[in-house]
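Read through the structure below, which is laid out as structure tokens, and then see the notes.
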Amino acid sequence: MNIIFAAASSFSEQTLITLTTLDHEIVAVLTQPDRQSGRGLKKTKNPIKKLAQKFDLPVLEYESLTSPEAYKTIKKLAPDLLLTMAYGEYVPNKILKIPHCETVNIHPSLLPQWRGASPIQSAILNGDKKTGTCLTRMVNEVDAGPIFISYETEIGAHETAGVLSDRLAKLSAKLIKNSLDDILNKKISPTEQAHENAVYAPKIKKTDALITWSLPALKLLRQIKAFNPWPVSYSWIKGKHFRIWDAELKNQDNVKHPPGKIVEIRDKDILVATGEKILALTQVQLEGKKKINAAEFARGFDCQGITLGH
0 MNIIFAAASS
10 FSEQTLITLT
20 TLDHEIVAVL
30 TQPDRQSGRG
40 LKKTKNPIKK
50 LAQKFDLPVL
60 EYESLTSPEA
70 YKTIKKLAPD
80 LLLTMAYGEY
90 VPNKILKIPH
100 CETVNIHPSL
110 LPQWRGASPI
120 QSAILNGDKK
130 TGTCLTRMVN
140 EVDAGPIFIS
150 YETEIGAHET
160 AGVLSDRLAK
170 LSAKLIKNSL
180 DDILNKKISP
190 TEQAHENAVY
200 APKIKKTDAL
210 ITWSLPALKL
220 LRQIKAFNPW
230 PVSYSWIKGK
240 HFRIWDAELK
250 NQDNVKHPPG
260 KIVEIRDKDI
270 LVATGEKILA
280 LTQVQLEGKK
290 KINAAEFARG
300 FDCQGITLGH
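Here the sequence shown is numbered in numbering that gives the first Met the number 0, starting from 0 and rising by one per residue.
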């Protein structure tokens with residue numbers, strides 16, 4: 000069978016590698032054009048393009064799939080399956096109808112929970128105990144198609160979004176390896192989602208990562224975990240931008256300190272008052288500096304008794 004794989008994120012790498020091991024032909028890898036990034040604004044290839052070229056796979060790049068050229072090229076390839084995964088671009092209905100067999104999408108949540116752009120971060124922010132990955136038939140509405148198969152996994156208490164994303168990427172690749180042939184051979188029928196239970200995961204902005212110290216420590220901990228490695232939760236310390244990469248919850252009530260105040264510096268962490276209980280910062284980064292252990296930071300920066308956020 001002929002497959003087109005549409006992706007643009009490192010999250011999709013394991014699945015592309017898996018596809019190269021299966022008894023099907025990848026007739027094209029559809030991805031986003033090179034973007035300018037970094038201080039020098041140099042154009043860089045996305046990781047999927049790099050990986051596709053490593054495997055000598057044909058690469059298609061379009062700013063928009065609504066262009067006549069995109070439709071003509073994809074139709075000429077006569078794919079049996081279009082598989083999308085963290086592609087990040089709108090796929091118009093006329094493209095969805097091209098494949099002879101199916102157009103499917105991998106989404107890292109237990110749909111209909113967390114449809115949208117940030118399912119992994121949203122699961123952590125919400126304090127979910129479990130998540131997973133789903134293979135759905137693509138429809139016009141985002142992440143609303145019927146589900147062929149889903150795999151479930153627990154969310155570890157100390158997992159960041161980065162760690163959980165790596166696990167879900169591997170789980171998604173396993174799902175494809177185990178189910179792709181059955182889908183192509185019509186041995187699996189999809190089941191409609193319970194649309195009335197749909198919950199949406201909005202696109203995350205850098206400004207979402209600003210810490211509000213008056214919130215409970217548990218909520219702040221979830222934010223810190225969810226926004227690692229991007230956009231990284233932050234505050235201000237003596238007027239300087241202060242990133243907080245990791246933290247731990249202390250079973251200690253805050254009964255007398257204003258939220259954001261550094262109440263104690265210990266051998267391994269910095270204790271900060273919140274709206275409810277104490278939060279222990281374990282890994283931090285001052286603007287212009289490297290990410291380091293919080294206690295090491297405190298040894299080189301006088302922060303005893305000050306209040307974060309200013």
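Ideal Cβ positions, reconstructed from N, Cα and C, are used throughout, including at glycine. Since the structure is predicted, the reported quantities are computational estimates derived from the model, not experimental observations.
- Per DSSP, glycine 304 is not a residue of any alpha helix (DSSP H), being assigned neither H nor E.
- In the three-state DSSP reduction, valine 162 falls in the helix class (H, G or I).
- Distance between leucine 307 and isoleucine 123, taken at the CA atoms: about 24 Å.
- Beta bridge pairing from DSSP links cysteine 133 with His106, Ser149.
- Taken in chain order, the complete alpha helix (DSSP H) segments of 4 residues or longer contained in the stretch 33-102 are 46-53, 67-76, 92-95.
- For lysine 288, the secondary structure class from DSSP, reduced to helix, strand or coil, is coil.
- Counting along the chain, the unbroken alpha helix (DSSP H) around alanine 216 starts and ends at 216-225.
- Taking glutamine 31 as the centre and dropping the five residues before and after it, the same chain places the C-beta of Ala7, Asn45, Glu60, Gly87, Glu88 closer than 7 Å to its C-beta, in chain order.
- Counting only the Cα atoms, threonine 83 lies some 18 Å from phenylalanine 54.
- Using a C-beta cut-off of 8 Å, the stretch 235-251 makes no contact with the stretch 181-194, since fewer than three inter-stretch Cβ pairs fall below that distance.
- In the structure shown, glutamine 251 adopts coil according to DSSP, grouped into three states.
- Cβ contact annotation for asparagine 1 (same chain, cutoff 6 Å, sequence separation greater than five): Glu24, Val26, Pro78, Asp79, in chain order.
- If you look at leucine 29, you'll find it in the beta strand (DSSP E) that goes 24-30.
- When secondary structure is reduced to three states using DSSP, isoleucine 3 falls in the strand class.
- Inter-residue distance for alanine 200 and threonine 281 is about 28 Å (C-alpha atoms, whole angstroms).
- The beta carbon of lysine 205 is closer than 7 Å to those of Pro230 in its chain, skipping five residues each way along the sequence.
- Note on geometry: alpha-carbon atoms of alanine 225 and tyrosine 150 lie some 21 Å from one another.
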